[in-house]
Amino acid sequence: MKFFIDTANLDQIKEAQDLGILDGVTTNPSLMAKEGITGRDNILKHYVAICNIVDGDVSAEVIATDFEGMVKEGEELAGLHEQIVVKVPMIKEGIKAIKYFTDQGIRTNCTLVFSSGQALLAAKAGATYVSPFIGRLDDISTDGLNLIAEIRMIYDNYGFDTEILAASVRHTMHVIDCAKLGADVMTGPLSSILGLLKHPLTDIGLEQFLADYKKGN
Ligand code: G3P
Numbered sequence: 003m004k005f006f007i008d009t010a011n012l013d014q015i016k017e018a019q020d021l022g023i024l025d026g027v028t029t030n031p032s033l034m035a036k037e038g039i040t041g042r043d044n045i046l047k048h049y050v051a052i053c054n055i056v057d058g059d060v061s062a063e064v065i066a067t068d069f070e071g072m073v074k075e076g077e078e079l080a081g082l083h084e085q086i087v088v089k090v091p092m093i094k095e096g097i098k099a100i101k102y103f104t105d106q107g108i109r110t111n112c113t114l115v116f117s118s119g120q121a122l123l124a125a126k127a128g129a130t131y132v133s134p135f136i137g138r139l140d141d142i143s144t145d146g147l148n149l150i151a152e153i154r155m156i157y158d159n160y161g162f163d164t165e166i167l168a169a170s171v172r173h174t175m176h177v178i179d180c181a182k183l184g185a186d187v188m189t190g191p192l193s194s195i196l197g198l199l200k201h202p203l204t205d206i207g208l209e210q211f212l213a214d215y216k217k218g219n
């Protein structure tokens, strides 16, 4: 399972990268705005800064919603750095753009996916990644994890190569549940990754080991 971090915060990206288990980064316009990164030039520079920190894929989202605009922006984003994956929204023009990028050898992440039918379309268009937003489904009393299970079944039925990137992960249990269901990738906040470290018996056991060591030294 690949671990991506879902942030545009360079300090958090560095912290995750330093752990040695980071496989990539996802961003979106809201996450960029949260870090105060505004204006096209600054945003493009920020993508390059992120690519220079991590070894893996970095999703960079198009803003255009028409086919020609998405193609123009996506080609510019893909040209910034070899690690860039062009993030395209799940709309009709987006599917056309993903198919175009696939034919050009440009990798894509189909975002804002909330149903298995949408995920099927993204795979048919050749998306590298599909991003079902599980947290936002949970927010409206719909089981986000069930969507991961449905997409896994559909992709396995036909051997689609598109990787299931569980997005809108909010906490550590989401990470574990996505792993159980066979999501290829999860993207979440740093806290969702660091939460995997925690167990009181680990802390108690380590404290005991260190105390016992001190007794004999
Ligand atoms: O990866 C998608 C993500 O950025 C959305 O997360 O928490 O805003 O639903 P959230």
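3 is the number of the first residue of the sequence shown in this note's numbering; add one for each residue after it.
The C-beta atom is built at its ideal place from N, Cα and C for all residues, glycine as well.
Predicted, not measured: the structure shown is a model, and the values here were computed from it.
query = Does the beta-carbon distance from Leu122 to Ile166 come in below 7 Å?
reply = Along the sequence shown, one-based indexing puts residue 122 at 120. Along the sequence shown, one-based indexing puts residue 166 at 164. In this structure, Leu122 sits away from Ile166, with a CB-CB distance that is not shorter than 7 Å.
ask   = Which runs of the alpha helix (DSSP H) fall wholly inside the segment 133-200 and span at least 4 residues, in chain order?
value = Taking only runs of at least 4 residues, the alpha helix (DSSP H) segments lying wholly in the segment 133-200 are 136-141, 146-160, 174-183, 192-196.
inquiry  = At a cut-off of 6 Å, would you count Ser170 as near ligand 1, judging by its Cβ distance to the nearest heavy atom?
reply    = Mapped onto the sequence shown, residue 170 falls at position 168. Checking the Cβ of Ser170 against ligand 1 gives yes.
message = Taking 6 Å as the cut-off, is the beta-carbon of Asp214 closer than that to any non-hydrogen atom of ligand 1?
response = Here residue 214 refers to the residue found at position 212 when the sequence shown is read from its first residue. No, Cβ of Asp214 sits at least 6 Å from all heavy atoms of ligand 1.
request  = Below 6 Å CB to CB, which residues in the same chain sit around His173 once its five sequence neighbours on both sides are set aside?
outcome  = As a working note, residue 173 is residue 171 in the sequence shown. Closer than 6 Å at Cβ, skipping near neighbours: Ser194.
inquiry  = Looking at the strands, I want to know which residues DSSP matches up with Ser61.
reply    = If you number the sequence shown from 1, residue 61 lands on position 59. Beta-bridge pairing links Ser61 to Thr28, Val87.
query = Is Lys174 near ligand 1, with its Cβ less than 6 Å from a heavy atom?
reply = Within the sequence shown, the letter at position 172 stands for residue 174. Position check: residue 174 holds Thr in this sequence, whereas Lys was assumed. No, since every heavy atom of ligand 1 falls outside the 6 Å radius drawn around the Cβ of Thr174.
query = Who are the Cβ neighbours of Glu152 in its own chain at under 6 Å, not counting the five residues just before and after it?
reply = Taking the first residue of the sequence shown as 1, we reach residue 152 at position 150. Closer than 6 Å at Cβ, skipping near neighbours: Ser118.
ask   = Which residues does DSSP pair with Asp8 in a beta bridge?
value = Taking the first residue of the sequence shown as 1, we reach residue 8 at position 6. Thr28.
inquiry  = To the nearest angstrom, how far is the alpha carbon of Gly38 from that of Gln19?
reply    = For the purposes of this step, residue 38 is identified with residue 36 of the sequence shown, where counting begins at 1. For the purposes of this step, residue 19 is identified with residue 17 of the sequence shown, where counting begins at 1. Straight-line Cα distance between these residues: approximately 22 Å.
ask   = Closest by CA to Asp105, which one among Leu114, Phe116, Ala129?
value = As a working note, residue 105 is residue 103 in the sequence shown. The option with the nearest alpha carbon to Asp105 is Ala129.
query = Would you call Phe211 buried or exposed, if buried means 16 or more other Cβ atoms sit within 10 Å of its Cβ?
reply = If you number the sequence shown from 1, residue 211 lands on position 209. Classification for Phe211: exposed.
query = Just how far apart, CA to CA, sit Lys36 and Gly26?
reply = Within the sequence shown, residue 36 is the residue found at index 34, counting from 1. Within the sequence shown, residue 26 is the residue found at index 24, counting from 1. The alpha-carbon of Lys36 is positioned some 19 Å away from that of Gly26.
request  = Could you have a look at Val73 and say whether DSSP puts it in helix, strand or coil?
outcome  = Taking the first residue of the sequence shown as position 1, residue 73 is located at position 71. If DSSP states are grouped into helix, strand and coil, Val73 belongs with the helices.
message = Beta-carbon within less than 6 Å of Phe69's beta-carbon, same chain only, minus the 5 sequence neighbours each way: which residues are those?
response = Mapped onto the sequence shown, residue 69 falls at position 67. Closer than 6 Å at the Cβ level, and outside the excluded window around Phe69, lie Glu95, Lys98, Ala99.
ask   = Going by alpha carbons, who is nearest to Ala185 out of Ala169, Ile65, Leu198?
value = As a position in the sequence shown, residue 185 is number 183, starting the count at 1. Among Ala169, Ile65, Leu198, the Cα nearest to that of Ala185 belongs to Ala169.
query = Within this structure, are the beta carbons of Val88 and Leu82 separated by less than 7 Å?
reply = Start at 1 with the first residue of the sequence shown, and residue 88 comes out as number 86. Start at 1 with the first residue of the sequence shown, and residue 82 comes out as number 80. Taking 7 Å as the Cβ cut-off, Val88 and Leu82 do not qualify as a contacting pair.
key: The beta strand (DSSP E) enclosing Asn111, as first and last residue numbers   = For the purposes of this step, residue 111 is taken as residue 109 along the sequence shown, with counting starting at 1. Here the beta strand (DSSP E) through Asn111 covers 110-115.
query = Between which two residues does the alpha helix (DSSP H) harbouring Ala51 extend?
reply = Residue mapping note: residue 51 aligns to position 49 of the sequence shown, counting from 1. Counting along the chain, the alpha helix (DSSP H) containing Ala51 begins and ends at 42-55.
message = Looking at ligand 1, does it come within less than 6 Å of Gly137, judged from the CB to the closest heavy atom?
response = One-based indexing of the sequence shown puts residue 137 at position 135. In terms of side-chain proximity, the C-beta atom of Gly137 is found nearer than 6 Å to a non-hydrogen atom of ligand 1.
Reference Arg154; option with closest CA among Leu139, Ile142, Asp140, Tyr131 = Along the sequence shown, read from residue 1 onward, the residue named residue 154 stands at position 152. Considering only alpha carbons, the answer is Tyr131.
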